[in-house]
């Protein structure tokens, strides 16, 4: 779910749109091969067409998927150069075979380079020269190719926007992680830096006083020990606060993740949550993970109810047929809640898997 279903769908639609230009590079020269009567030219032309169409498909896919683009681009450039001697003579005078290759080059220019108009101008110029047998071959290369290029401008532009948006979200997520690490590092430094300095000074002083004033050295060592114990308590409190996850924030995150995965999610929370509700954030995280990994849910509901004595979390989804029993995650969660005086009940009925977790207020 790194890019999500929407990104994958956009990539498939972009490739399908570019498939029109690819089919032009296959069908147009293919007709020329059918019209060619000399067997030697047919063989060489078929080799040139095969190299061109395979590398053409490869460079289109590599450009959109951003994997292996350099290698495919070099192979496509070599194959394109080979089409001039291999395909240009095919059905000469009866079919403008290479003109369709030129049209395909112009049509795929929006993908081959982001400054696609420069590629289009170059391809059109080559088409005018090589497809001038007869002169109306240039019209095919320029007219058909320009039409394909214009048709591909919008999907390629939209695909670029989708990729940029996805990269931006990933960059913001990485930045948020880095900022949180820096914040935690600053908190730890502010918390321990001064105390560790004082402890080091008192330990050094105790070491110097030990030979001449044992009682005063013992006092300094005792103060150092007290400072160390106090610093340890403060550090544990800071780490516990850092690990704690707000239930409302966790519910919002689960809702966004499930929605992006195509699961209709409904979250119901009270206006105010007691501090004890933080323990339920672990239960909600585990329930959301189970929905994503172990079921094929179409909908999921999350409800939190605050009573007089307990806070109750109920998570239900219709993915029970895909759920593989009670895993170690739920067992560990049950033990954690039990340690806080809470309970965990999970089971399925009529195709609906329900998890109910409670903690005392």
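Numbering (this note's numbering), first residue to last: 14 to 374. Using N, Cα and C, we set each Cβ at its ideal position, and we do this for glycine too. Please read these numbers as outputs of a predicted model, since none were measured by experiment.
Taking only three categories from DSSP, how would you classify residue i?
i, result
"residue 338", "Below a pLDDT of 50, predicted positions are generally treated as unreliable, and residue 338, at 49, falls in that range; the measurement from the model is reported next regardless. Correct three-state label for residue 338: coil."
"residue 144", "Model confidence at residue 144 stands at a pLDDT of 49, short of 50, so the residue's coordinates are unreliable; what they give is reported in the following sentence. Coil, per DSSP."
"residue 215", "helix"
"residue 362", "strand"
"residue 374", "coil"
"residue 108", "coil"
"residue 80", "coil"
"residue 44", "helix"
"residue 50", "coil"
"residue 101", "coil"
"residue 225", "coil"
"residue 348", "helix"
"residue 168", "helix"
"residue 282", "coil"
"residue 66", "helix"
"residue 239", "helix"
"residue 200", "helix"
"residue 121", "coil"
"residue 287", "coil"
"residue 259", "coil"
"residue 296", "helix"
"residue 126", "coil"
For residue i, which residues in the same chain have their Cβ closer than 7 angstroms to its Cβ, ignoring the five residues on either side in sequence?
i, result
"residue 212", "237, 240 and 241"
"residue 280", "264, 268 and 315"
"residue 295", "346 and 349"
"residue 65", "38, 92, 93, 96 and 114"
"residue 99", "57, 58, 60 and 61"
"residue 380", "The displayed coordinates of the chain run from 14 to 374. Any statement about residue 380 would go beyond what the structure contains."
"residue 175", "20 and 23"
"residue 277", "311 and 312"
"residue 321", "none"
Near residue i, what residues of its chain come up, given a Cβ to Cβ distance below 6 angstroms and the 5 sequence neighbours on each side ignored?
i, result
"residue 161", "34 and 120"
"residue 301", "267"
"residue 62", "42"
"residue 107", "48"
"residue 117", "34, 37 and 38"
"residue 286", "260"
"residue 319", "283"
"residue 330", "304, 310, 313 and 366"
What whole-angstrom Cβ distance do residue i and residue j have, given they're in contact under 8 angstroms?
i, j, result
"residue 324", "residue 372", "6 angstroms"
"residue 45", "residue 103", "4 angstroms"
"residue 188", "residue 247", "The Cβ separation is near 28 angstroms, so there is no contact."
"residue 77", "residue 124", "7 angstroms"
"residue 328", "residue 282", "Actually they do not touch by this definition, with Cβ atoms about 13 angstroms apart."
"residue 293", "residue 370", "6 angstroms"
"residue 343", "residue 326", "Actually they do not touch by this definition, with Cβ atoms about 13 angstroms apart."
Give me whichever residues DSSP pairs with residue i in a beta bridge.
i, result
"residue 12", "Limits of the chain in this structure are 14 at one end and 374 at the other, which puts residue 12 out of reach."
"residue 329", "314 and 367"
"residue 277", "312"
"residue 356", "371"
"residue 323", "373"
Leaving out five residues on either side along the sequence, give the residues of the same chain with a beta carbon under 8 angstroms from the beta carbon of residue i.
i, result
"residue 223", "230"
"residue 234", "215, 216 and 219"
"residue 244", "204, 205, 208, 209 and 212"
"residue 70", "35"
"residue 249", "none"
"residue 377", "This structure cannot speak to residue 377, because the chain is shown only from 14 to 374."
>> Tell me whether the stretch 213-222 and the stretch 191-198 touch, counting them as touching only if at least three CB pairs, one residue from each stretch, are closer than 8 angstroms.
In response: No, they do not touch.
> For the 8 angstroms Cβ check, are there 3 or more pairs between the stretch 49-61 and the stretch 77-86?
Replying inline: Cβ pair count under 8 angstroms is below three, so no.
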